[in-house]
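**Q** Residue 53 in the numbering used here sits at position 53 of the sequence shown, with consecutive numbering throughout.
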Amino acid sequence: MHHVVSATTNPAKIQAILQAFNEIFGEGSCHIESVAVESGVPEQPFGSEETRAGARNRVANARLAQPEADFWVAIEAGIDEGSTFSWVVIESRQQRGEARSATLPLPEAIL
Numbered sequence: 001m002h003h004v005v006s007a008t009t010n011p012a013k014i015q016a017i018l019q020a021f022n023e024i025f026g027e028g029s030c031h032i033e034s035v036a037v038e039s040g041v042p043e044q045p046f047g048s049e050e051t052r053a054g055a056r057n058r059v060a061n062a063r064l065a066q067p068e069a070d071f072w073v074a075i076e077a078g079i080d081e082g083s084t085f086s087w088v089v090i091e092s093r094q095q096r097g098e099a100r101s102a103t104l105p106l107p108e109a110i111l
């Protein structure tokens, strides 16, 4: 069973991570443990670079907190020019993958 550390305690993000790992490795093949770690960026990051840095920092801090895991995952949501998006960073012991989500417009009431 793969030990996956989620660098967030947000239930929606944990569920998304679990669903993704189940699709890749099969249902019940992963144990997800969540840890509360700092992102090193503002609570609401602005811009792609700041948001990606937050995800990278969370993964690095999760690795320090749980070094025995097989995977470390962070999902950091950001805002840029009236839209929202996320950066996802996944690391194993051998490699790192990073991806940015689609960009979705935010309603004026939120801005």
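Virtual Cβ for every residue (Gly too), placed ideally from N, Cα, C. Values in this document were obtained by computation on a predicted structure and should not be read as measured data.
(1) Applying the 10 Å Cβ sphere with the 16-neighbour rule, what's the burial state of residue 45?
(2) Can you grab the Cα-Cα spacing for the pair residue 60 / residue 25, in whole Å?
(3) Go through the stretch 17-45 residue by residue and report every complete run of the beta strand (DSSP E) that reaches 3 residues or more, in order.
(4) Comparing C-alpha positions only, which one of 69, 83, 8 and 89 sits nearest to residue 2?
(5) Terminal residues of the continuous alpha helix (DSSP H) containing residue 51?
(6) Below 8 Å between beta carbons: does that hold for residue 4 and residue 62?
(7) Determine, using beta carbons only, whether residue 34 and residue 8 come nearer to each other than 8 Å.
(8) Expressed to the nearest angstrom, what Euclidean distance is found between the alpha-carbon atoms of residue 73 and residue 84?
**A** With the structure as the only source:
(1) buried
(2) 23 Å
(3) 30-34
(4) 69
(5) 48-65
(6) no
(7) yes
(8) 20 Å
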